[in-house]
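J.:
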Amino acid sequence: MEVHQQSAPEPSLLDEMINHSGHVEELLPAEPQAVRIVEVVEETDHSFELNTDLLEQILLNPKVADKKVAVIGVAGAYRKGKSFLLNFFLRYLTWRSKADKVMGEVELDNNQWMSPNSPLSGFSWRGGSERDTNGILIWSEPFLMKDKNGEEIAVLLMDTQGAFDSQSTVKDCATIFALSTMISSVQDIRCFLMPHPGLKVATNPNFDGKLVDIENEFQQQLGVMIPRLLDSHALVHKEINGQKMTCRELLEYFKAYMRIFKGQDLPEPKSMLMATAEANNLAAVASARAAYQKEMEEVCGGDTPYMSTNELLEQHDRCKSVAIREFRNARKMGGVEFSLQFLDRLESDLQESYESYLKVNNGKNLFKSMRTPTVLVTLMIIDYIFQEFFQLLGLNAIAGLFSSILCIVIGALGVWAYSRYSGHLREAGGYVDDAVTYVWTNFISPNANHLGPLGGAIQMGDALGSGNRTTNSTNSDNKKRN
2 MEVHQQSAPE PSLLDEMINH SGHVEELLPA EPQAVRIVEV VEETDHSFEL
52 NTDLLEQILL NPKVADKKVA VIGVAGAYRK GKSFLLNFFL RYLTWRSKAD
102 KVMGEVELDN NQWMSPNSPL SGFSWRGGSE RDTNGILIWS EPFLMKDKNG
152 EEIAVLLMDT QGAFDSQSTV KDCATIFALS TMISSVQDIR CFLMPHPGLK
202 VATNPNFDGK LVDIENEFQQ QLGVMIPRLL DSHALVHKEI NGQKMTCREL
252 LEYFKAYMRI FKGQDLPEPK SMLMATAEAN NLAAVASARA AYQKEMEEVC
302 GGDTPYMSTN ELLEQHDRCK SVAIREFRNA RKMGGVEFSL QFLDRLESDL
352 QESYESYLKV NNGKNLFKSM RTPTVLVTLM IIDYIFQEFF QLLGLNAIAG
402 LFSSILCIVI GALGVWAYSR YSGHLREAGG YVDDAVTYVW TNFISPNANH
452 LGPLGGAIQM GDALGSGNRT TNSTNSDNKK RN
């Protein structure tokens, strides 16, 4: 099938945003469109590059990350109308996702989605003999649909580079086809023979994809085929090892498959099986980690009030048990011994997450956050009193020493305040915090019992701000266990 009008420029991996530090960061476009997630570097060694940043933004979007996923892709020879056909899939899903909200269940033979007078847009397409698609592209916004059981499922559309063109090697064609079929939900292959769209499509250089310019027989069969593929009763979940995948888990499979196809030679079936087993266990780790983070966010997230370190540790242990139980209950490939290394990785990830939550929680502790300026101001007052006292006694040398110390303390307070409110000199501000913590731990806190009511306040603050000691003891315990 050949067509002659392109609907939109194809995105490039070079369309990136570069910040002032020189770090390259690519962001999803504001409006949904096709984005390239796998690029074939044909100018050098025909290697494959995965755009991990874009793929993570799509698959880890909170709206879809933990929803089951269906991946619908097209693959085959170049210049046969793959992208052209995929845009009708896109039109149907766009209409269907809106129609379900308004009309509820839609009849299978409802052809309102076809919009015969609208130009075809979405994935880049055009006629001629030159290839139009490079690598693998997916639509940047998954469609949320209901499956036959009424469960909400994320639907991804995937376009692939055509095979057997003059620029691609045999390995390029085989790799693209293998990746697309391994990622695709559809494993039960069936046939649907589409008629030719008509001579007007093949010969008119101004053809823009309007259905009114396409033969009626093609339109009729299009209205039969697409609902049979994309209707809620026909959607096929992505499954591996009998387990339905979520978008979060699919990301791990994508990464694992890309690693084994990076070499110069096509991988052996055994290597592909091991990559699938690895991705399967990594997906279980990702799901378990997400379960831990969801539980912890509810008890100590950014909007929750401060809680004591001991209580936070109890919540960590509880959520950690939930996560490990979820990992062990997940269906995994590779056997028990193979999965143990991923269990260790999960425990390490959970410990890192706990330390992050601990820092956030300690930041909510007003006493701890104000410890440095309080101690420094107190030292300034005490130092000033001693300076004046020794001047009255005529001991100017000792008074001068206290005056020098006072200048140092004032300078430290100024550096700390500037660091906190400007974001600059952060390392210097950290040194000031460390120095104050040393003074607090070794001189002020041990003598709190001799300071009356002030000492009681110091002891209470010490109890509230004991997060670092607990963290250190927790870390040492983990190191001993490991």
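Position in the sequence shown counted from 1, then plus 1, gives you my numbering.
The beta carbon of each residue, even a glycine, is placed where N, CA and C say it ideally should be.
1) Spell out a yes or no on whether the segment 233-240 and the segment 288-297 are touching, meaning 3 or more CB-CB pairs, one atom from each, closer than 8 Å.
2) Whole alpha helix (DSSP H) runs in the segment 170-200 with 4 or more residues, listed along the chain?
3) Have a look at Ile325 and Leu28 and give me their C-alpha separation to the nearest angstrom.
4) Within 8 Å, do at least three Cβ pairs link the segment 179-186 to the segment 66-84?
5) Secondary structure at Ala1, three-state DSSP: helix, strand or coil?
6) To the nearest whole angstrom, what separates the beta carbons of Phe124 and Leu157, a pair I think is in contact under 8 Å?
7) Would you mind working out which of Asp266, Lys256, Val213 and Pro196 sits nearest Ala175, comparing C-alpha positions?
8) Where does Met297 fall in DSSP's three states?
9) Let's test the definition: count the other Cβ atoms within 10 Å of the Cβ of Phe193 and tell me whether it reaches 16, buried, or not, exposed.
10) Rounded to the nearest angstrom, how far is the Cβ of Gln222 from that of Met195, given a contact under 8 Å?
11) Pull up the distance between the alpha-carbon of Leu230 and that of Trp114, whole angstroms please.
12) DSSP puts Ile137 in a beta bridge; with which residues?
13) Between which residues of its own chain and Ser213 is the CB-CB distance below 8 Å, once the five residues before and five after are set aside?
14) When DSSP labels each residue in this structure, what does Ser125 get in the three-state scheme?
15) State the start and end residues of the unbroken beta strand (DSSP E) segment that holds Ser48.
16) Skipping 5 residues on each side, what residues in its chain have a beta carbon closer than 8 Å to that of Leu407?
17) Helix or strand or just coil, what does DSSP make of Ala436?
18) So Val440 and Val337 are supposed to be a Cβ contact under 8 Å. How far apart are they, rounded?
19) DSSP state of Ala284, grouped into three classes?
20) Is Leu145 helix, strand or coil by DSSP?
21) Let me check understanding here. Comparing Cα to Cα, which of Val70, His317 and Ser84 lies closest to Leu138?
22) Mark Thr310 as exposed unless 16 or more other C-beta atoms lie within 10 angstroms of its C-beta, in which case mark it buried.
23) Answer yes if the segment 248-256 comes into contact with the segment 200-214, meaning at least three C-beta pairs across the two stretches below 8 Å, and no otherwise.
T.: Quick answer:
1) Pairwise C-beta distances place the segment 233-240 out of contact with the segment 288-297, as fewer than three of them are shorter than 8 Å.
2) 171-184
3) Taking the straight line from one Cα to the other gives about 33 Å.
4) Proximity of the segment 66-84 to the segment 179-186 meets the contact definition, three or more beta-carbon pairs being nearer than 8 Å.
5) The question about residue 1 has no answer here: the residues shown for the chain are numbered 2 through 483.
6) Beta-carbon to beta-carbon, Phe124 and Leu157 are separated by about 13 Å, too far to satisfy the 8 Å threshold.
7) Nearest C-alpha to Ala175: Asp266.
8) Here Met297 sits in helix by DSSP.
9) exposed
10) 6 Å
11) 14 Å
12) Val39 and Thr161
13) Here residue 213 is Val; the residue named in the question, Ser, does not match the sequence. These residues qualify, in order along the chain: Pro117 and Asn118.
14) coil
15) Ser48 to Leu51
16) Once the five neighbours on either side are set aside, the close Cβ partners of Leu407 are Met381, Asp384, Tyr385 and Gln388.
17) Reduced to three states, the DSSP call for Ala436 is helix.
18) About 52 Å; that fails the 8 Å criterion.
19) helix
20) strand
21) Ser84
22) buried
23) no
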